[in-house]
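Just so we're aligned: the sequence shown equals residues 6 to 226 in the working numbering.
For each residue, glycine too, the CB sits at the ideal point set by N, CA and C.
Here is the structure we will look at.
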Amino acid sequence: MDSDGTHHAVGAKVFTRYADAYFAAIESCAAMQTATFDPDECPEPIEVSVITGSELRDAPPRDAVFLELVRTLGGFGLHAALSVLNRTVPHRFTGVYLIESDRTLRNLALFDKDGEPCPAELQTIPLSASFCQFAVTTGGFHTGNSGEDVRLQGHWAKGMYNAYGGVPIVAEDGTALGTLCHFDHHPRNLDPADLELLHSAARVLERVVRPSDKSRRQSVK
C-alpha cells in the first residue's frame with residue numbers, strides 16, 4: 006500500500022506515463038486470450054484505486070492528450086484523432102501516410118488547421134522523394150527549418166515544407182507500414198515531448214492502418 010492508501014497487486018508495475026500503462030494493458034489482454042485459467046489459484050480480492058475525472062484533468066499535458074487521442078480515435082475516427090494531435094503543435098498539417106507496395110506514400114488522413122482540402126502533391130508521393138523516408142530509416146526525423154538544414158541539401162521540398170516532424174508506424178514484425186507526421190510551409194520547432202507523443206500515437210495507429218485488417222482501414226475513411 007502506498008502512503009496515499011493506494012493498493013497495488015503483488016508484482017504489479019507502476020507506470021509514469023499513461024501511454025506506457027495503455028500498451029502494457031494491451032499486451033496483458035492479448036496474453037490472457039491464450040492463458041490457462043485455474044479458479045483454485047485465484048488470489049483473494051484486493052481493493053484497487055480508480056482514476057477519477059479530476060485526476061485525468063490534472064494529468065501531465067501529453068498524457069492527457071494521449072488519453073483524448075485514444076478516446077477520439079475509437080469514437081470519432083482517424084481524422085478527428087489527428088486534430089487532437091495537431092492542437093498541441095504550431096504546425097499546420099498532421100497526417101498519416103501508408104507505404105504502398107511500389108514504395109509510394111499514400112495519404113490516409115490529413116488534418117489541416119486552415120481546413121483546406123488535401124493538396125494534390127500531398128496525396129501521393131514517392132517515399133524516396135519525401136521527408137518521411139528519413140523518419141522510416143532513422144526511427145524518427147525532425148527539422149525545424151528545412152531551408153537551412155544541411156541534411157536536406159538537394160531535396161525538392163527543402164524550403165517548400167520548412168517544418169517536419171515524423172515517426173514511422175511499425176508493425177509487430179518490424180515492418181514499416183507508414184508514417185505519422187506534423188509539417189508546415191513555415192519554420193516550426195517541435196518539442197521533444199511532442200515527438201515522444203507521436204511515437205506513442207503511432208503505436209496506437211498501427212492497429213488502425215494494419216494492411217491485413219481491411220475492416221479497420223475502411224472504418225477510418
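Item to check | Spatially closest choice to G82 from R111, V141, F116, by CA coordinates | outcome: Position 77 of the sequence shown holds residue 82. Taking only the C-alpha atoms, the option nearest G82 is F116.
Checklist entry - A206: buried (16+ other C-beta within 10 angstroms of its C-beta) or exposed? => result Against the sequence shown, residue 206 aligns to sequence position 201. Buried, because 16 or more other Cβ atoms sit within 10 Å of the Cβ of A206.
Item to check | Residue interval of the alpha helix (DSSP H) (run including V209) | outcome: On the sequence shown, residue 209 is found 204 positions in, with the first residue counted as 1. Run containing V209: 197 to 214, per the alpha helix (DSSP H) assignment.
Checklist entry - So does the segment 103 to 114 actually touch the segment 156 to 167, counting three or more Cβ pairs closer than 8 Å? => result no
Item to check | Pairwise C-alpha distance: V89 and E73 | outcome: The residue given as residue 73 occupies position 68 in the sequence shown. The residue given as residue 89 occupies position 84 in the sequence shown. Cα to Cα, the separation comes out at about 7 Å.
Item to check | Minimum length 4: unbroken alpha helix (DSSP H) runs contained in the segment 136 to 176 | outcome: 137 to 143
Checklist entry - Three-state secondary structure (DSSP) at R97? => result As a working note, residue 97 is residue 92 in the sequence shown. If DSSP states are grouped into helix, strand and coil, R97 belongs with coil.
Checklist entry - If you follow the alpha helix (DSSP H) that A85 is part of, which residue opens it and which one closes it? => result Sequence index remark: in the sequence shown, residue 85 carries index 80 (1-based). Unbroken alpha helix (DSSP H) run through A85: 83 to 91.
Next on the checklist: I'd like the list of long-range same chain contacts for T109, defined as Cβ closer than 8 Å, with 5 residues on each side in sequence excluded.
Outcome noted: As a position in the sequence shown, residue 109 is number 104, starting the count at 1. Excluding positions up to five away in sequence, the list reads T129, I130, P131, L132.
Next on the checklist: Using 8 Å for Cβ pairs, my map puts R193 next to G149. What's the rounded Cβ distance?
Outcome noted: On the sequence shown, position 188 is the one that residue 193 refers to. On the sequence shown, position 144 is the one that residue 149 refers to. About 6 Å separates the two Cβ atoms, so the contact holds.
Item to check | For T99, the nearest candidate out of G145, G183, K118, F139 (CA to CA) | outcome: To locate residue 99, count along the sequence shown from 1; it is residue 94. That would be K118, whose Cα lies nearest to the Cα of T99.
Checklist entry - Using the rule of at least 16 other Cβ atoms within 10 Å of the residue's Cβ for burial, across every protein chain shown, is I31 buried or exposed? => result By one-based count along the sequence shown, residue 31 stands at place 26. At I31, the pLDDT of 43 sits below 50, so the modelled position is not reliable; the number obtained from the coordinates is stated separately. When all chains shown are included, I31 counts as exposed.
Next on the checklist: Suppose contacts are defined by Cβ-Cβ distances below 8 Å. Is H147 in contact with Y169 by that definition?
Outcome noted: Counting from 1 along the sequence shown, the entry for residue 147 is found at position 142. Counting from 1 along the sequence shown, the entry for residue 169 is found at position 164. Closer than 8 Å, so yes.
Checklist entry - If you draw a straight line from the C-alpha of E211 to the C-alpha of A176, how long is it? => result For the purposes of this step, residue 211 is identified with residue 206 of the sequence shown, where counting begins at 1. For the purposes of this step, residue 176 is identified with residue 171 of the sequence shown, where counting begins at 1. So the alpha carbons of these two residues sit roughly 6 Å apart.
Checklist entry - Looking only at its own chain, which residues have a Cβ that is under 7 Å from the Cβ of N167, when we skip the five neighbours before and after it? => result Locating residue 167 in the sequence shown gives position 162, counting from the first residue. Here the set comprises N150, S151, G152, D189, H190, H191, P192.
Checklist entry - Three-state secondary structure (DSSP) at T109? => result Translated into positions along the sequence shown, residue 109 becomes position 104. DSSP places T109 in strand when its eight states are reduced to three.
Item to check | Range of the contiguous alpha helix (DSSP H) that encloses G127 | outcome: The sequence position of residue 127 within the sequence shown is 122, counting from 1. According to the sequence shown, residue 127 is Leu rather than Gly. Per DSSP, L127 belongs to the alpha helix (DSSP H) from 125 to 128.
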